[in-house]
Amino acid sequence: MSALDLFLLLLFVCWTSTSVALLTDFRALRTRLSKSRARNDPYAIRHRSRILTAFACGGVVTGVYGVLGVLYVALT
Numbered sequence: 244m245s246a247l248d249l250f251l252l253l254l255f256v257c258w259t260s261t262s263v264a265l266l267t268d269f270r271a272l273r274t275r276l277s278k279s280r281a282r283n284d285p286y287a288i289r290h291r292s293r294i295l296t297a298f299a300c301g302g303v304v305t306g307v308y309g310v311l312g313v314l315y316v317a318l319t
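Going by my numbering, the first residue of the sequence shown is number 244, and it counts up by one from there.
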């Protein structure tokens, strides 16, 4: 494996772990905000959390495919 392969592998592993952390944090945030009696609009909170959850899920998928792609190229 070259230095570029290792760098890309590290990048995609960090990308995936960050996306997983964001995904779990957004779900906890959505639950916490929906139970609170804040002056925030519940529809806006729900809509925002769906968008952020979608981006986090996309990050997980992108990260996993990136890791698999780097490993495939590096090992063949």
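Don't be surprised by glycine CBs; every beta carbon is placed ideally from N, CA and C.
The beta carbons of residue 251 and residue 303 sit no closer together than 8 Å.
8 Å or more divides the Cβ of residue 245 from the Cβ of residue 299.
With 16 or more other Cβ atoms from the protein chains shown falling within 10 Å of its own Cβ, residue 306 counts as buried.
Note on geometry: alpha-carbon atoms of residue 248 and residue 317 lie some 6 Å from one another. In this structure, the beta-carbon distance from residue 259 to residue 310 falls below 8 Å.
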